[in-house]
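Engineer: Its first residue numbered 1448, the sequence shown is counted upward by one per residue in this note's numbering. Each residue gets a CB set at the ideal place from its N, CA and C atoms; glycine is no exception.
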Amino acid sequence: MTSRRTAASVVTATAVLALSGLAVSPAVAHGSMTDPVSRVSACYAEGPESPKSAACKAAVAASGAQAFYDWNAVNIANAAGKHRDLIPDGKLCSAGNDKYRGLDLARADWPSSTLASGKHTFRYKGTAPHRGSFELYVTKDGYDPSKPLKWSDLEEKPFATVTDPRMESGDYVFDGTVPNKSGRHLIYSIWQRSDSPEAFYTCSDVVFGKDNGGAPAPTATAPTDEEFEDGEDKSSVEHGGHGDDHAGTGAKETAAAPATSAPAAPETPAPAEATESATSESAAPNEPAAAGSGELLAETGGDATTPYLAMGGAAVLAVGAAVLFGATRRRAARR
């Protein structure tokens, strides 16, 4: 009887580990450029319900206010570096996500940031920080903001690239050397996570010197921390899960649903080894450095294959437990 109870306890503990492994998935990261201010950040700062600029009014009319409360989710969950293959011309600012179609409006009066050639410190609000790389592109000379943005409008190579930049007060902060430009241009950013295939995209309208697009556009203003916090209860974006399709479609993202609890084990507790293993498995493996620490983010130790490896390991544990339990029952029956 004792051997049966011990085996059942081992099976229960192993099953818990297996089911925990099946629920493993990379946490969704979110964010947007705030220096220079991205289109979605500028319109969020103006107020999704009553934007002030003509461009933001048109964007909200096209996308709805919810898209701007979800300012930090302009992404493709399964990008895996294939940005040009997945995002069609004319839809770069929305990342091909219809929810954010208002960001693709071709017009020369988007709120803009003043930018100068040379060294610049960029800031990117990261509401769910993770390891990854940033690439920043600028539009070519002769860029026409009144036409839909195409990949061919961007310089062939990024003018700034950085991997795992430091965080300060909730922002990724990194330096880049901006090429010599004049007039109205656009900075396009790609944030590709290294612990997941997910990537994020932003369009920031900038002016070098004087605006060559006619009447000057309004100045873009980044949201304050208070404005970010005030809009959290209206956001439909959560950081608890990761889907296969474009995130931020208006429905809240949730973590994988936990499996139904296994029946309670008999009185004999699970072996210490199993308990210790369960504890170590449940610890967060990739907690980022605290905001404002100035340190690089902690190593996640994962990549796009991590959840599949976890599921494979869980399956092996479950099968092994079943074999062990079966063998124990047969020995007990022979007695």
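Extract the residue ranges of the beta strand (DSSP E) inside the stretch 1613-1686, only unbroken runs of 3 or more that lie entirely within it.
Structural biologist: 1613-1615, 1618-1625, 1630-1640, 1646-1655
Engineer: Helix, strand or coil: which one does DSSP assign to Glu1714?
Structural biologist: Low per-residue confidence applies at Glu1714: pLDDT is 42, beneath 50, and the placement is therefore not dependable, though the value from the model is reported in the following sentence. In this structure, Glu1714 counts as coil in the three-state DSSP scheme.
Engineer: So, for Pro1663: in the same chain, excluding its five sequence neighbours on each side, which residues have a beta-carbon less than 6 Å away from its beta-carbon?
Structural biologist: none
Engineer: Report yes if the C-beta distance between Leu1583 and Gly1630 is below 8 Å; otherwise report no.
Structural biologist: No, they are not a contact pair.
Engineer: Contact check, Ser1485 vs Ser1651 under 8 Å by CB: the rounded distance?
Structural biologist: With a Cβ gap of about 5 Å, Ser1485 and Ser1651 count as contacting.
Engineer: Leu1601 bridges to which residues according to DSSP?
Structural biologist: Thr1586
Engineer: With DSSP run on the structure shown, which of helix, strand or coil describes Asp1545?
Structural biologist: helix
Engineer: Taking the straight line between their C-alpha atoms, what separation do you get for Ala1702 and Lys1628?
Structural biologist: Confidence at Ala1702 is low in this model, with a pLDDT of 31, below 50, so its placement is unreliable and the value that follows should be read with caution. Each residue's alpha carbon lies about 45 Å from the other.
Engineer: Closer than 8 Å is the cut-off here; do at least three beta carbon pairs connect the stretch 1514-1522 with the stretch 1589-1596?
Structural biologist: no
Engineer: Locate the beta strand (DSSP E) running through His1567, then write down its first and last residues.
Structural biologist: 1565-1573
Engineer: Assuming contact is defined by CB atoms lying nearer than 8 Å, are Ser1479 and Thr1649 in contact in what I supplied?
Structural biologist: yes
Engineer: Residue range of the alpha helix (DSSP H) that Val1487 falls in?
Structural biologist: Taken as a continuous stretch (DSSP letters only), the alpha helix (DSSP H) holding Val1487 covers 1486-1493.
Engineer: Can you tell me which of Ser1616, Ser1560, Ala1575 puts its alpha carbon nearest to the alpha carbon of Gly1656?
Structural biologist: Of the candidates Ser1616, Ser1560, Ala1575, Ser1560 places its Cα closest to the Cα of Gly1656.
Engineer: Taking 6 Å as the limit between beta carbons, can you name the residues of its chain near Glu1714, skipping five residues before and five after?
Structural biologist: In this prediction, Glu1714 scores a pLDDT of 42, lower than 50, which makes its location untrustworthy; the coordinate-derived value is nonetheless stated afterwards. Closer than 6 Å at Cβ, skipping near neighbours: no residue.
Engineer: Count the other C-beta atoms from every protein chain shown that fall within 10 angstroms of the C-beta of Ala1757, then say buried if there are 16 or more, exposed otherwise.
Structural biologist: Note that Ala1757 has pLDDT 40, beneath the 50 cutoff, so the model's placement of it is unreliable and no number is given.
Engineer: The alpha helix (DSSP H) that contains Ser1510, what's its start and end?
Structural biologist: 1501-1510
Engineer: Taking the alpha carbon of Pro1612 as the point to measure from, which residue in Val1585, Lys1572, Ala1555 has its own alpha carbon closest?
Structural biologist: Lys1572
Engineer: Can you give me the C-alpha to C-alpha distance between Glu1679 and Leu1601, rounded to a whole angstrom?
Structural biologist: 33 Å
Engineer: Determine, using beta carbons only, whether Thr1586 and His1530 come nearer to each other than 8 Å.
Structural biologist: no
Engineer: With distances taken from CA atoms, which of Ile1634, Ser1616, Met1614 is nearest Glu1603?
Structural biologist: Ile1634
Engineer: Look at the Cβ atom of Leu1562, then the Cβ atom of Pro1483, and state whether they are nearer than 8 Å.
Structural biologist: Judged by beta-carbon spacing, Pro1483 lies within the 8 Å limit of Leu1562, meaning their Cβ atoms are closer than that value.
Engineer: From Ala1512 to Gly1528, what distance separates their C-alpha atoms?
Structural biologist: Near 29 Å, if we compare the C-alpha coordinates of Gly1528 and Ala1512.
Engineer: In its own chain, which residues sit with a C-beta less than 7 Å from the C-beta of Pro1665, not counting the 5 before and 5 after it?
Structural biologist: Ser1500, Pro1558
Engineer: In this structure, does DSSP put Pro1483 in helix, strand or coil?
Structural biologist: coil
Engineer: Just tell me which of Pro1626, Ile1534, Tyr1516, Ser1641 has its CA closest to the CA of Gly1565.
Structural biologist: Pro1626
Engineer: Which value, in whole angstroms, describes the spacing of the CA atoms of Ala1508 and Asp1545?
Structural biologist: 13 Å
Engineer: Please report the distance separating the alpha-carbon of Ala1526 from that of Glu1645.
Structural biologist: 6 Å
Engineer: Specify the secondary structure class of Phe1581 as computed by DSSP and reduced to three states.
Structural biologist: strand
Engineer: Which same chain residues end up closer than 8 Å to Gly1543 when comparing Cβ atoms and leaving out the 5 residues on each side of it in sequence?
Structural biologist: Result list for Gly1543: Ile1523, Leu1533, Ile1534, Pro1535, His1693, in chain order.
Engineer: Tell me the rounded alpha-carbon separation between Ser1682 and Tyr1516.
Structural biologist: 5 Å
Engineer: Run the CB neighbour count on Thr1610, radius 10 Å, all protein chains shown included, and call it buried at 16 or more, exposed below.
Structural biologist: exposed
Engineer: Determine the extent of the alpha helix (DSSP H) in which Ala1520 is found, giving its start and end residues.
Structural biologist: Run containing Ala1520: none; DSSP gives neither H nor E here.
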